[in-house]
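Take the sequence shown: its letters are residues 3 to 204, numbered as in our numbering.
Glycine residues also receive a C-beta, built at the ideal position from the N, C-alpha and C atoms.
Because the structure is a prediction, the values reported are computed rather than measured.
What follows is a short report on a single structure.
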Amino acid sequence: MANTTLRFTNKSKVVEFHGPADITLESTGAIVNAANSSLMGGGGVDGAIHRAGGPAIFQECKKYVSENGRLVVGKAMLTSGGRLKAKYVIHTVGPIYERGGAQEAGLLASCYRESIRLADDYRLRSMSFPAISTGAFGYPLHDAAGIAVTTVFQALEDTRNVELVRFVLFDASTLWAYVGAAETAVGKGSEWIFEGLPGGQP
3 MANTTLRFTN KSKVVEFHGP ADITLESTGA IVNAANSSLM GGGGVDGAIH
53 RAGGPAIFQE CKKYVSENGR LVVGKAMLTS GGRLKAKYVI HTVGPIYERG
103 GAQEAGLLAS CYRESIRLAD DYRLRSMSFP AISTGAFGYP LHDAAGIAVT
153 TVFQALEDTR NVELVRFVLF DASTLWAYVG AAETAVGKGS EWIFEGLPGG
203 QP
């Protein structure tokens with residue numbers, strides 16, 4: 003399947019859904035890493051970002067942990083992008099899915115809110131997210147998509163600097179789950195509008 007990008011807008015704010023795609027190739031101001039609490043790298047998106055970004059990211063993560071301890075679930079921290087096109091990497095730790103209660107949903111939403119807040123504090127205009135917690139952490143895809151999209155739509159209403167959030171999704175099923183969540187939010191009366199393909203793409 004060829005890469006697809008779909009766009010939703012609300013005044014000057016934009017949310018895009020892009021995939022199947024590799025987040026390590028993004029040139030937005032920051033990309034978000036679905037990290038583990040140790041910040042020492044791992045599998046999936048986490049490992050891919052560390053491999054592509056090189057040792058500078060690892061060293062900054064190591065320094066953070068030595069000074070602050072492990073990164074708490076639902077929180078976020080920022081490092082340079084190393085060799086990546088993105089200037090920064092925002093690391094956030096999603097919840098491991100167990101019972102699917104309100105606490106886990108709240109922690110997952112916090113990952114998105116805290117990452118956007120951090121990007122806004124650094125005066126970034128754009129950032130890219132993966133599908134946090136849907137891999138090894140086991141969060142059901144459609145549940146995670148609904149939380150992610152709703153939280154990002156809400157968080158962007160209050161940003162001073164961040165104008166574009168792009169979901170960069172690994173495969174087609176994940177892409178369409180997140181697009182479906184956006185369509186559901188729009189159907190429930192959200193002020194966001196589906197604009198289709200950006201830049202007049204065919």
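query, result
"Contacts around residue 182, its chain only, beta-carbon distance under 8 Å, and the 5 residues preceding and following it disregarded", "144, 147"
"Local Cβ density within 10 Å of residue 18, reported as buried at 16 or more and exposed below that", "buried"
"Three CB pairs or more closer than 8 Å across the segment 185-194 and the segment 47-65", "no"
"Residues of its chain near residue 121, where Cβ-Cβ distance is below 6 Å and the 5 sequence neighbours each way are ignored", "32, 129, 164"
"The alpha helix (DSSP H) enclosing residue 78, as first and last residue numbers", "Note, residue 78: premise wrong, no alpha helix (DSSP H); beta strand (DSSP E) at 78-82."
"Residues near residue 136 by beta carbon distance below 6 Å, same chain, minus five either side", "143, 146"
"Candidates 83, 77, 160, 89: closest to residue 134 by CA position", "77"
"Where residue 86 falls, given that 16 or more other Cβ within 10 Å makes a residue buried", "buried"
"First through last residue of the beta strand (DSSP E) which encompasses residue 37", "32-37"
"Between the CA atoms of residue 20 and residue 166 - distance to the nearest angstrom", "13 Å"
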